[in-house]
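One structure is given here, and the rest of the page talks about it.
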Amino acid sequence: MATDSWAQAVDEQEAAAESISHLQIIEKPEENGTAAYKTDSSSATAKPEAEGEKSTDDDDKDDKAAQSLLNKLIRNNLVNTTNQVEVLQKDPNSPLYSVKSFEELRLKPQLLQGVYAMGFNRPSKIQETALPMMLAEPPQNLIAQSQSGTGKTAAFVLAMLSHVDPNNKYPQCLCVSPTYELALQTGKVIEQMGKYYPEVKLVYAIRGNKLQRGMKLQEQIVIGTPGTMLDWCSKFKFIDPKKIRVFVLDEADVMIATQGHQDQSIRIQRMLPKSCQMLLFSATFEESVWNFAQRIVPDPNIIKLKREEETLDTIKQYYVLCNCKEEKFQALCNIYGAITIAQAMIFCHTRKTAGWLAGELSREGHQVALLSGEMQVEQRAAVIERFRDGKEKVLVTTNVCARGIDVEQVSVVINFDLPVDKDGNPDNETYLHRIGRTGRFGKRGLAINMVDSKMSMNILNRIQEHFNKKIEKLDTDDLDEIEKIAS
Ligand SMILES: Nc1ncnc2c1ncn2[C@@H]1O[C@H](COP(=O)(O)OP(=O)(O)OP(=O)(O)O)[C@@H](O)[C@H]1O
1 MATDSWAQAV
11 DEQEAAAESI
21 SHLQIIEKPE
31 ENGTAAYKTD
41 SSSATAKPEA
51 EGEKSTDDDD
61 KDDKAAQSLL
71 NKLIRNNLVN
81 TTNQVEVLQK
91 DPNSPLYSVK
101 SFEELRLKPQ
111 LLQGVYAMGF
121 NRPSKIQETA
131 LPMMLAEPPQ
141 NLIAQSQSGT
151 GKTAAFVLAM
161 LSHVDPNNKY
171 PQCLCVSPTY
181 ELALQTGKVI
191 EQMGKYYPEV
201 KLVYAIRGNK
211 LQRGMKLQEQ
221 IVIGTPGTML
231 DWCSKFKFID
241 PKKIRVFVLD
251 EADVMIATQG
261 HQDQSIRIQR
271 MLPKSCQMLL
281 FSATFEESVW
291 NFAQRIVPDP
301 NIIKLKREEE
311 TLDTIKQYYV
321 LCNCKEEKFQ
331 ALCNIYGAIT
341 IAQAMIFCHT
351 RKTAGWLAGE
361 LSREGHQVAL
371 LSGEMQVEQR
381 AAVIERFRDG
391 KEKVLVTTNV
401 CARGIDVEQV
411 SVVINFDLPV
421 DKDGNPDNET
431 YLHRIGRTGR
441 FGKRGLAINM
451 VDSKMSMNIL
461 NRIQEHFNKK
471 IEKLDTDDLD
481 EIEKIAS
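Here the sequence shown stands for residues 1 to 487, where the numbers follow full-length UniProt numbering.
Here's what the structure looks like:
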């Protein structure tokens, strides 16, 4: 499986490189690169199912690199937020510039053309402040945090492309990403944005991309994973770190979740000149990320953009009392029999239950999509896209996609199993993620929780208390009552 996807990724990469001939992988990864790829991308492929009814939530949730890649694959536009950016300047007395248009940035015409060709009309919220800082002379260091999809990648790609001197045939920008697949995604953005700037070339420092000993890279931008990047700078000396002008560390929160990446990144950073611009990006900013960020980026400007709060205000919440999963399924059939549901997402605690439920529902004639942790990220993205396009009306899943999919188009969310954490306590955050809406999508929604034991009733009560929002009881044997909830 991994071998196929490796081959496919290389094929796609090569096709892209051919169409934009100036940006290319300099060598085809060698055969033994496949094993290395597996190591590098282990976090992006699903782990085999554990025996029995163990929850899959933990491994799915912890698989940050896979989640991040999934988000990138299924995203079709910018995530807008109404929140304001928080800015902490290195020098609080220096004026703070913010731009409302790309013209104000005085970009090279080729780059402005690339930006517009990507369909960007104006800078995103984070870009408004981050871009002037990144493009300033002398260069300023930056730590930026904002949720996935707010325009961070596009921003640092533009900064890298602006800072390289295409006349100099050696690496000037290094960008490290947590996995091979994530590096490829960033590479694609560089290719798109640099479409009209053919002098600038890109190379991937990823395992499997073996270069001849003693060679010196001529590409101006090197993007890759920390281990290979470090080897290329120190062991093999393909890159002269002293000539690097911009160092980007992307997805810092994902990076530190992988053993060794933190140290490797710090070792790369130490080889760079003092004058090198250091940029670090992260979707979240817990203590550990912050500590790491400070080691990578000296004297930083800091930009933070809070994620839009989710709320249960516009959601009608119900629970149904059952005794076993068969009864829960029957309750579900009754609900489907009574009200018209355009699209629903159904969450189960285990892959086994999800698989069983999807089977039962399709036997009843529903068009069902199943999203499960053993699927590769690309397969998950394909399932989500089909569901988004309305090709299937019901999506049965474990937690894997709760964060990846825009649920605003889904009118009904069913918790076939209530979300609990490792210790069996209510997972309020996941509950909110599954059924909540952000202020922007004020549409009404319906959430139905299936309760099948005293324990799950207790969980439900605690969730209810936590959010201080009543969850009404629903009798699914009473058709009239079900009909009322849809009104
Ligand atoms: N100024 C802009 N105008 C319109 N679309 C934009 C703009 N900047 C970025 N985008 C698009 O928005 C989406 C998200 O951008 P980007 O990937 O840069 O965000 P991100 O914060 O880096 O998220 P992630 O870390 O998940 O990649 C992409 O499809 C990108 O092409």
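For each residue, glycine too, the CB sits at the ideal point set by N, CA and C.
- Tyr180 counts as buried, since at least 16 other C-beta atoms from the protein chains shown sit within 10 angstroms of its C-beta.
- For Asn449, the enclosing beta strand (DSSP E) stretches over residues Gly445 to Val451.
- Runs of beta strand (DSSP E) with 3 or more residues, each lying fully within the segment 312-381, are found at 315-321, 344-347 and 368-371, listed in chain order.
- If you look at Val189, you'll find it in the alpha helix (DSSP H) that goes Tyr180 to Met193.
- Apart from the 5 residues on each side of it in sequence, Glu128 sits with its Cβ closer than 8 Å to the Cβ of Val85, Ser98, Val99 and Lys100 in its chain, given in chain order.
- In this structure, Asn415 is the residue among Glu392, Asn93, Arg388 and Asn415 with its C-alpha nearest to the C-alpha of Asn399.
- Contact between Met134 and Phe156 holds: their C-beta atoms lie close to 7 Å from each other, under 8 Å.
- Taking non-hydrogen atoms of ligand 1 into account, the C-beta of Thr153 is found less than 8 Å away from one of them.
- Take the alpha-carbon of Gly119 and the one of Asn77: they are about 10 Å apart.
- Ser456 carries a helical assignment under DSSP once its states are collapsed to helix, strand and coil.
- The beta carbon of Val451 lies closer than 6 Å to those of Tyr319, Leu321, Met457 and Leu460 in the same chain, with the five residues before and after it left out.
- The secondary-structure analysis by DSSP pairs Met278 across a beta bridge with Phe247.
- In the structure shown, Ala205 falls within a strand segment according to DSSP collapsed to helix, strand and coil.
- Comparing alpha carbon positions, the residue from Arg351, Cys348 and Cys333 closest to Arg363 is Cys333.
- Around the CB of Glu286, fewer than 16 other CB atoms lie within 10 Å, so the residue is classed as exposed.
- Relative to the non-hydrogen atoms of ligand 1, the Cβ of Asn83 never comes closer than 8 Å to any of them.
- The alpha-carbon of Val222 is positioned some 6 Å away from that of Tyr204.
- Note that the C-beta distance between Gln185 and Gln220 is not below 9 Å.
- Around the CB of Asn291, fewer than 16 other CB atoms lie within 10 Å, so the residue is classed as exposed.
- If you check the CB distance, Asn83 and Lys125 come in under 9 Å.
- A distance below 9 Å separates the beta carbons of Tyr197 and Gly114.
- If you look at Leu479, you'll find it in the alpha helix (DSSP H) that goes Leu479 to Ile485.
- If you ignore the 5 residues before and after Pro300, its C-beta comes within less than 7 Å of the C-beta of Lys90, Asn141, Leu142 and Ile143, all in its own chain and listed in chain order.
- Relative to ligand 1, Arg122 has its C-beta within less than 8 Å of a heavy atom.
- By the C-beta density criterion, Tyr431 is buried, having at least 16 other C-beta atoms within 10 angstroms.
- Val413 sits close to Ile346, with the two beta carbons spaced by under 9 Å.
- No residue range can be given for Ser101, since it is assigned to no alpha helix (DSSP H) and is classified by DSSP as neither H nor E.
- Its Cα nearest to that of Arg444, the residue Ile485 stands out among Val254, Ile485 and Asn428.
- Taking each of Val200, Ala159, Lys235 and Gly373 in turn and checking the Cα distance to Cys276, the smallest one comes out for Ala159.
- Contact between Ile266 and Ile315 does not hold, since their C-beta atoms are separated by about 44 Å, which reaches or exceeds 8 Å.
- The C-beta of Gly227 has 16 or more other C-beta atoms within 10 Å across all chains shown, which makes the residue buried.
- At a cut-off of 8 Å, the beta-carbon of Glu385 does not count as near ligand 1: no heavy atom of the ligand is closer than that.
- Secondary structure at Ile302: strand, using DSSP grouped into helix, strand and coil.
- Taking all protein chains shown into account, Tyr116 has fewer than 16 neighbouring C-beta atoms within 10 Å of its C-beta and is therefore exposed.
- In the three-state reduction of the DSSP assignment, Leu272 falls in the coil class.
- For Ala159, the distance from the CB to the nearest heavy atom of ligand 1 is not below 8 Å.
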